[in-house]
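Novice: If you use the numbering used here, the sequence shown corresponds to residues 4 to 91, in order.
The beta carbon of each residue, even a glycine, is placed where N, CA and C say it ideally should be.
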Amino acid sequence: MIEAIVLGATIGALVESGKRGLIKSWGNTEELPPLVKAAMLVILIGIPAIHAGTVGNYVITTLATVGAFTVARWSVASLSVLWQRVLR
């Protein structure tokens with residue numbers, strides 16, 4: 004389950020960084036690259052399914068993974084806003 008949480012946080016940080024323009028190789032910040040979309044689906048749905056032995060464990064692992072994804076996105080967004088204020 005720890006792997007699912009770590010991967011959820013990692014993909015969350017990647018998605019938010021790309022949407023905020025922090026990853027310069029992304030030309031269009033409005034749309035995620037196909038590889039990132041695929042990775043996001045695999046991590047948010049597939050990884051919890053691999054670790055789940057029961058439906059209850061799947062739900063718990065999915066909630067933990069999505070929670071880590073969301074917290075990582077909020078963290079990157081907050082740090083980005085703070086950094087922009089510092090640079091002004």
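By Cβ distance below 8 Å, which residues in the same chain neighbour residue 76 in space, the five residues on each side in sequence not counted?
Specialist: Once the five neighbours on either side are set aside, the close Cβ partners of residue 76 are 15, 16, 18 and 19.
Novice: Rounded to the nearest angstrom, what separates residue 10 and residue 90 at their Cα positions?
Specialist: Computed Cα separation, rounded: 31 Å.
Novice: Give the single residue among 83, 71, 87 and 88 whose Cα lies nearest to the Cα of residue 8.
Specialist: Nearest of 83, 71, 87 and 88 to residue 8, Cα basis: 71.
Novice: Taking only runs that begin and end inside the region 49-90, name each unbroken alpha helix (DSSP H) of 4 or more residues, in chain order.
Specialist: Fully enclosed alpha helix (DSSP H) runs of 4 or longer: 50-54 and 58-90.
Novice: Let me make sure I understand the geometry here. Which of 85, 67 and 79 has the alpha-carbon closest to that of residue 23?
Specialist: Nearest option by C-alpha distance: 79.
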